[in-house]
Amino acid sequence: MDPFLSAVSGATNDHSAVHIVGIGGSATRGMASLLQCQGVRVSGSDQDEAMREWFSEKGIAFHCDHDAGNIPAEVTAVVHSRAVGEDNPEIIEAQRRGIPIYAYSEYLGRLGIGKNTIAVSGTHGKTSTTALLLSVFLEADQDPSLIAGGDIQQLEAGWRHGEGDHFLVEACEFQRAFLDIKPEAAIITNIDLDHPEIYSNRSEVVETFRDFISGFPQQSVVVCSPEIRSEMGGREDLRWVTCGRTEDCDVRIIHESGQAYSTVEWKLEKSVQLKATLQVPGDHSVENATKVVALCHALGISPEHIQSGLEKFQGVARRFESREVLQGTHWIEDYAHHPQEVEATLRTAQSLFRENKIHALFQPHQAGRLSAFMDGFSNSFQGMDEVFLLPIYSVRENISDFPEDLLDQLRAKIEEQGVHCKILDFDTAPGFLAETLSEGDVLVSLGAGNVDQIGTRTREIARGVIPS
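Structure follows, in structure tokens:
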């Protein structure tokens, strides 16, 4: 029996049919696909009608609502995303029928039993780092399995089933979900406050990462910066590997060249160095690559395979992804939804397009996050030629709990920076952008919601497929 199935079978006694509530997310779609690949009958529900065609093509029963009747009679386990509450009618129905219920992270942890789980954690860069790790493992013929939080260009999907020993996963601190994962190796990309509805301050986030580390088996490899290593304390029984630019790092950047696409040299040991030219731009790309270099070297992957994996990596969908939208313009799609991510993405665009006019299109993700990080967001748009704001994409919260003028507050603060800012209606934004953008212009689309639909509709308007 496949290790995935035997692991889940041992936990549930019968895993032949799984129903996933909140199946439309990137990670839950990946789990559904991975289970289906192993012969499990998968069904699920979500409120995103746009996902219906995707699941239909996969042969996965999909319901665009939440109802007790959505759970097939033969279902033996129900998995739910962390966004699903206990009052969901499908959760209530599963309880009534005595069907075992698992949060996504719990089930992910069970899938990792029997595999060497490698977890990529941290506030920013998890998906890109996980995807980059996959690229190196494929070059080293490791044939790993994977579930990531976005579609990887090499796979055109966010999941992979492999016959190898390794299972690459993202480990998210949201609702402390990553505590269900007990990896043999892990990366901590960085630690910031990103979920103000869960954590009051960064110190609470750091404490949760300490709890995460406390559950690791002895001799697990942990890669992080020297600063994070000092914050984690204890656990001398783990194999800590620090990396970065300072002399005290175990794996250190010793040379970097290039304005946007960097060629980087790392010192791995006293007599071992590695050099690679990255195909994904930005300082954050260098930081992600450095964590991957450190982990792969610690796991015994050769410098040659590491170099090849880094240089063949083509990125992840909606992570500084270049799209063909309007002829003669540059349209960049990015998932950035935290001030540091927005700033990093826009600085990368400025380094690439030094002579072009750069517009930012931003859809705030969560009213609570915008309210908590208002100053950080407004400052991140400095240097833009123009900023367009879309209505707040609000999920997992009651937007009426927040001031109605949050978007107006952000617009005013951005204009205080000397940057022209305009609020757009979501439905009319594509037509406006199709008429406004000129040849040579750059538009950077930012957000973790459905802002990517704007690019698709703008392209259709420009090509006469739909009216403006």
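Residues 110 to 577, numbered by the working numbering, are exactly what the sequence shown covers, in order. Backbone N, C-alpha and C fix where the C-beta goes; we use that ideal spot for every residue, glycine too.
Fill in: Range of the contiguous beta strand (DSSP E) that encloses residue 171
170-172
Worksheet item: Relative to the alpha-carbon of residue 316, which residue among 342, 294, 298 and 326 has its alpha-carbon at the smallest distance?
Response: 342
Practice prompt. Ignoring anything shorter than 3 residues or poking outside the stretch 312-398, list the beta strand (DSSP E) runs there in chain order.
Written response: 330-333, 348-353, 360-366, 372-378 and 381-386
Item to complete: Quick one: residues in its chain with C-beta nearer than 6 Å to the C-beta of residue 271, no 5 flanking neighbours on either side, listed in chain order?
Response: 252, 253 and 254
Worksheet item: Who are the Cβ neighbours of residue 517 in its own chain at under 8 Å, not counting the five residues just before and after it?
Response: 532
Worksheet item: Between residue 241 and residue 401, what straight-line distance do the alpha-carbon atoms span, to the nearest angstrom?
Response: 7 Å
Discussion item. Given a cut-off of 8 Å on the beta-carbon distance, is the pair residue 427 and residue 259 in contact?
Written reply: Closer than 8 Å, so yes.
Worksheet item: Where residue 557 and residue 380 are concerned, what is the direct C-alpha to C-alpha distance, given to the nearest angstrom?
Response: A straight line joining the alpha-carbon of residue 557 with that of residue 380 spans about 43 Å.
Discussion item. Taking a contact to mean a Cβ-Cβ separation below 8 Å, would you say residue 180 touches residue 203 in this structure?
Written reply: yes
Discussion item. To test your reading of the DSSP string, which unbroken beta strand (DSSP E) runs of 3 or more residues are found completely within the stretch 247-283?
Written reply: 254-261, 266-269 and 275-280
Discussion item. Could you check whether residue 526 and residue 482 sit closer than 8 Å to each other, using their CB atoms as the reference points?
Written reply: no
Item to complete: Identify the continuous alpha helix (DSSP H) that holds residue 456 and give its terminal residues.
Response: Unbroken alpha helix (DSSP H) run through residue 456: 448-461.
Worksheet item: In whole angstroms, what is the alpha-carbon distance linking residue 484 and residue 285?
Response: Between the C-alpha atoms of residue 484 and residue 285 there is a straight-line separation of about 26 Å.
Worksheet item: Is it right to say residue 325 is buried, meaning 16 or more other beta carbons lie within 10 angstroms of its own, or is it exposed?
Response: Answer is buried; the Cβ neighbour count reaches 16.
Worksheet entry | Integer Cβ distance of residue 292 from residue 363, believed to fall under 8 Å | About 29 Å separates the two Cβ atoms, so there is no contact after all.
Worksheet item: Considering residue 442, what are the terminal residues of the beta strand (DSSP E) in which it resides?
Response: Segment 439-443, the beta strand (DSSP E) holding residue 442.
Item to complete: Would you tell me roughly how many angstroms separate the C-alpha atoms of residue 495 and residue 524, rounded to the nearest one?
Response: 10 Å
Item to complete: Report, in whole angstroms, the separation of the C-beta atoms of residue 184 and residue 153, which I expect to be a contact under 8 Å.
Response: Not confirmed; about 10 Å, so no contact.
Worksheet item: Going by DSSP, which residues form a beta bridge with residue 425?
Response: 261
Worksheet entry | Chain-order list of residues whose beta-carbon lies under 6 Å from that of residue 246 (same chain, five-residue window excluded) | 253
Worksheet entry | Under the three-state DSSP convention, the category residue 244 falls into | helix
Worksheet item: According to DSSP, what are the bridge partners of residue 230?
Response: 280 and 297
Practice prompt. Answer with buried or exposed for residue 230, where buried requires no fewer than 16 other C-beta atoms within 10 angstroms of its C-beta.
Written response: buried
Worksheet item: Does the stretch 466-473 come close enough to the stretch 497-504 to have 3 or more Cβ pairs within less than 8 Å?
Response: yes
Item to complete: Would you identify the three-state DSSP class for residue 110, choosing helix, strand or coil?
Response: Any answer about residue 110 is weak, because its pLDDT of 46 lies below 50 and its placement is not dependable; what the coordinates show is given next. Three-state DSSP puts residue 110 in coil, outside helix and strand.
Worksheet item: Are residue 201 and residue 187 closer than 8 Å when you measure CB to CB?
Response: No. Outside cutoff.
Worksheet item: Can you tell me whether DSSP reads residue 235 as helix, strand or coil?
Response: helix
Fill in: Residues that DSSP places opposite residue 532 in a beta bridge
498
Discussion item. Tell me the DSSP secondary structure of residue 430 in three-state form.
Written reply: strand
Worksheet item: For the alpha helix (DSSP H) that residue 136 lies in, which residues bound it at each end?
Response: 135-146
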